[in-house]
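Read the structure below first, then the notes.
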Amino acid sequence: MSLLINGARLADGTITDLYLKDGVLADPASAPAGVERFDAAGLLAIPGLVDLHTHLRQPGREDAETVDSGTDAAARGGFTCVHAMANTSPVTDTAEAAEYVHALGEREGHCQVQVVGAVTKGLAGEELAELGMMADSKAKVRVFSDDGKCVSDSLLMRRALTYVKAFDGMVAQHSQDPRLAGSTACCHESEWSGRLGLPGWPSQAESVIVARDVELAALTDSRVHVCHVSTAESVEIIRWAKKRGVKVTAEATPHHLLLDTPLVASYDTTFKVNPPLRTSEHVEAIREALADGTIDVVGTDHAPHARQDKDHPFDIALPGMLGLEQALAVVIEVMINTGRMDWPTLVQRMSSTPAALGQVPGQGRPLAIGEPANLVLVDPTARAAVDAAASKSRSRNNPYHGRDLPDPVVATYWRGRQTYSR
Amino acid sequence: MRHLLGCADLSATDANAILDLAEEMQQVQSRPVKKLPALRGRTIVNIFFEDSTRTRTSFEIAGKWLSADTINVSAKGSSVSKGESLRDTMLTLDAMGVDCFVIRHPSSGAAAQVASWVRAQVVNAGDGQHEHPTQALLDAYTMRKHFRSLGREGFAGKKIAIVGDLLHSRVVRSNVLLQNLLGGEVVLVAPPTLLPTGVENWGCQVTSDFDAVLPEADIVMMLRVQRERMAGGYFPTEREYTAGYGLTEERLRALKPGAGICHPGPMNRGVEISSAAADAANSLVLDQVASGVAVRMSVLYHLLGSDEGAMR
Ligand SMILES: [Zn+2]
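In order, the protein sequences belong to chains A and B.
FYI, the numbering for the first sequence is 1 to 422, going by my numbering.
FYI, the numbering for the second sequence is 423 to 734, going by my numbering.
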């Protein structure tokens with residue numbers, strides 16, 4: 001496929017033509033006269049978005065999501081690469097399992113699928129998974145995470161951080177002290193948890209693990225990545241650790257940037273997520289940290305769930321919400337439209353930095369001649385009420401349903417091929 | 423009122439109307455034939471996902487004395503273990519034409535969730551650590567009667583001390599909300615580990631000094647403390663708990679004259695309450711149980727019985 005996109009504005013403000021040919025960006029001057037054209041006047045062209053934190057649910061829970069449906073949703077959201085989390089069934093904790101998901105991505109993906117390997121066998125937190133074999137496999141795993149479960153054993157966490165250095169891997173931690181915030185914790189510990197009678201999830205259950213992990217990253221001189229940072233205390237620790245030169249990076253989810261604790265007062269399980277929605281003070285701290293770079297990237301934690309897994313009492317329903325399709329919309333709403341962030345910074349947070357952290361070649365690259373044709377065309381002014389029923393995901397646990405939000409993604413191109421068009 | 427999900431949904435007018443009607447209902451209790459035709463032809467399902475003989479029986483009697491068809495469903499072990507969601511369980515029963523669900527569930531918010539799914543009316547008979555509105559109403563009813571017996575009307579200026587495991591108690595949440603409506607003054611007494619987060623903003627006094635509260639309280643409501651809380655590190659030993667927060671014989675003597683003693687039951691005699699206190703002349707424990715039926719009759723009548731439609 002070849003396509004000439006005319007008059008798109010790049011993140012830095014330059015107006016340019018983009019010529020997509022054989023999967024790369026070619027010189028627009030070389031486009032033949034009869035080439036298919038797309039008039040992009042008024043639209044922004046930015047590198048395809050990269051997500052470090054996606055749950056595709058395949059294998060095991062294909063009723064909730066598949067590689068096909070999940071990456072379709074990703075393309076709809078402007079993503080050209082997602083990292084598939086390891087907590088599938090079976091768990092992605094071997095080279096074979098990693099290659100299986102990788103192959104599914106190559107065959108059925110609407111965007112690139114990078115595989116996240118488990119840190120421990122079966123996510124049990126007891127023995128290391130085959131980290132090296134996964135790294136050496138065709139899936140070339142570089143990010144390891146027991147996401148959903150915290151690697152709470154300090155010694156095992158130290159070993160994991162040390163071990164992955166051999167192949168420059170990164171350990172992405174779900175920071176939750178399992179004693180301070182136990183398995184039933186489901187509401188930010190606050191006046192809300194007290195009134196609603198929901199088991200509290202104190203913000204310090206996150207920050208104590210973040211504090212420990214940055215010390216372990218310093219000790220091992222290895223890369224630790226803090227998943228879905230949700231508290232002001234964690235932000236402070238990460239800020240301090242970065243100042244010391246510790247190799248720590250962090251992500252914020254769209255929902256922790258926009259939504260807050262009072263939403264759970266209805267006991268609507270759509271709003272049950274782990275870590276939980278926090279109060280507005282924490283939301284503000286996350287926004288500030290994303291703006292100043294303390295939080296490096298936006299990671300969606302796209303967590304599709306079948307209806308039957310959400311139709312339970314609040315403390316029993318599975319945690320998680322959709323995120324891929326509205327991630328860019330949310331970041332535009334809370335960061336760009338409020339003047340907190342400019343477009344070049346957004347591109348860093350949602351494309352180039354996550355690609356660099358996940359060591360994904362060909363993603364997060366500038367839109368320049370010779371680079372892979374992974375890009376998204378954005379209408380920064382379009383808005384619409386979110387309709388959960390219109391999702392490309394197989395699941396409907398969309399926390400933005402009914403909300404008026406930007407509706408930015410006009411078209412997505414991956415490897416020069418159109419994967420989504422409005 | 424369409425549903426009774428918690429005291430948070432009640433207005434002072436609603437609450438007083440329920441208490442007033444309960445008084446009329448209590449007359450029925452002393453009649454040889456305890457039957458009113460008010461809810462004839464109405465079907466009430468008591469669905470209990472957690473055992474509570476006392477509450478379930480009380481609701482069942484209340485429904486029967488109002489001539490409703492009451493059916494008990496024991497759903498303990500929860501639908502999850504059977505692979506069915508709460509929503510499916512309730513929609514199935516709802517489809518049979520039930521008029522009202524009286525629901526007890528170990529999860530906070532379950533009654534509100536059910537109310538959002540079903541066509542029938544819903545009464546919350548206790549949801550997790552959230553609310554237990556009919557318990558608070560029967561407590562208020564009992565207290566009101568007690569104050570009257572002392573020749574005093576109303577809750578204004580009355581101090582109600584609620585003592586014990588406030589963190590895990592649905593009774594305390596409902597009582598604080600209801601007393602705030604009725605004008606009573608609640609004092610919460612507990613070890614700091616058993617206080618809910620944010621309790622300082624509940625509009626009542628909070629303390630860990632039971633002895634300081636004793637001489638001022640018009641009602642002392644003792645809550646059950648569970649032995650498991652000790653293993654959870656909420657307090658060191660039963661002995662220490664009783665020493666600090668038990669209504670011992672010595673504390674019984676320090677009570678203000680005429681102060682009433684309440685306990686939502688079941689009691690741990692010798693732990694949070696001494697036998698001397700439980701059986702004292704000013705113990706209202708059995709009055710609470712007796713009031714339960716009348717108050718629940720009143721609630722069911724308010725929800726299901728009114729022809730004016732104002733209640734629906
Ligand atoms: Zn996740």
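Here a beta-carbon is modelled for each residue, glycine too, at the ideal position from N, C-alpha and C.
Return the chain-ordered ranges of every beta strand (DSSP E) run that is complete within the stretch 51 to 100 of chain A and spans a minimum of 3 residues. 79 to 84
For B/V621, return the contacting residues in chain A, with the cut-off set at a CB-CB distance below 7 Å. G194
What first and last residue would you give for the alpha helix (DSSP H) that runs through B/L722? V707 to L722
Does the stretch 338 to 353 of chain A come within contact of the stretch 293 to 311 of chain A, defined as at least 3 CB pairs closer than 8 Å? yes
Residue list, Cβ distance to ligand 1 heavy atoms smaller than 5 Å: A/D147 and A/D301
Simplified DSSP assignment, three categories, for A/E281: helix
Counted within 10 angstroms of its Cβ, other Cβ atoms place B/N623 as buried (16 or more) or exposed: exposed
I need the straight-line Cα distance from A/S351 to A/D407, nearest angstrom please. 19 Å
Have a look at B/L461 and B/V693 and give me their C-alpha separation to the nearest angstrom. 42 Å
With 16 other Cβ atoms within 10 Å as the buried cut-off, status of B/R649: exposed
Under 7 Å (Cβ pairs) to chain B, residues found in the stretch 333 to 354 of chain A: none
Tell me where the alpha helix (DSSP H) around A/Y163 begins and ends. S154 to Y163
Within the same chain, show all residues whose beta-carbon is closer than 8 Å to that of A/H255, passing over the 5 residues directly before and after it, in chain order. V273, L277, D301, M321, G323, V330 and P399
Length of the line joining the Cα atoms of B/A634 and B/A583: 11 Å
Close Cβ partners of A/G109 (< 7 Å) along its chain, the five nearest in sequence each way excluded: V67 and T71
Where does B/E662 sit, in a helix, a strand or coil, going by DSSP? helix
Distance between beta carbons of A/P47 and A/P361, contact taken as under 8 Å: Rounded, the Cβ-Cβ distance is 13 Å, inconsistent with contact.
Report the option in A/G132, A/N6 and A/L44 whose CA atom is closest to the CA atom of A/Y163. A/G132
Run of the beta strand (DSSP E) containing B/I440, from where it starts to where it stops: It is not in any beta strand (DSSP E) - B/I440 instead sits in the alpha helix (DSSP H) that spans A434 to Q451.
One or two residues paired with B/Q627 in a DSSP bridge: B/V609
Tell me, please, whether the CB atom of A/V298 is closer than 8 Å to any CB atom in chain B? no
Check the Cβ-Cβ distances between B/H527 and every residue of chain A, and say whether any is below 8 Å. yes
Residues from the stretch 578 to 603 of chain B in contact with chain A, defined by Cβ distance under 7 Å: R592 and R595
Which residues in chain B have a C-beta closer than 8 Å to the C-beta of A/P178? List them in chain order. Result: empty, since nearest Cβ-Cβ is about 15 Å, beyond 8 Å.
Does B/M518 come out as helix, strand or coil in the three-state DSSP assignment? coil
Presumed contact (8 Å Cβ cut-off) between A/V141 and A/G117, rounded CB distance: 4 Å
Determine the DSSP secondary structure at A/D17, reduced to helix, strand or coil. strand
Residue range of the alpha helix (DSSP H) that includes A/P354: T353 to L357
What runs of the beta strand (DSSP E), each 3 residues or longer, lie entirely inside the stretch 515 to 565 of chain B? 522 to 527 and 543 to 549
Specify the secondary structure class of A/H401 as computed by DSSP and reduced to three states. coil
How should A/G42 be labelled, buried or exposed, when 16 other C-beta atoms within 10 angstroms of its C-beta is the threshold for buried? exposed
Taking buried to mean at least 16 other C-beta atoms within 10 Å of its own C-beta, is A/M134 buried or exposed? buried
By the DSSP assignment, the alpha helix (DSSP H) with B/R673 in it spans what residues? E671 to A676
For B/S596, count neighbouring Cβ atoms within 10 angstroms of its own Cβ and tell me buried if that reaches 16, exposed if not. buried
Three-state secondary structure (DSSP) at B/K486? helix
List the whole-angstrom C-beta distance separating A/G197 from B/H552, where the pair is believed to meet the contact cut-off of C-beta under 8 Å. 3 Å
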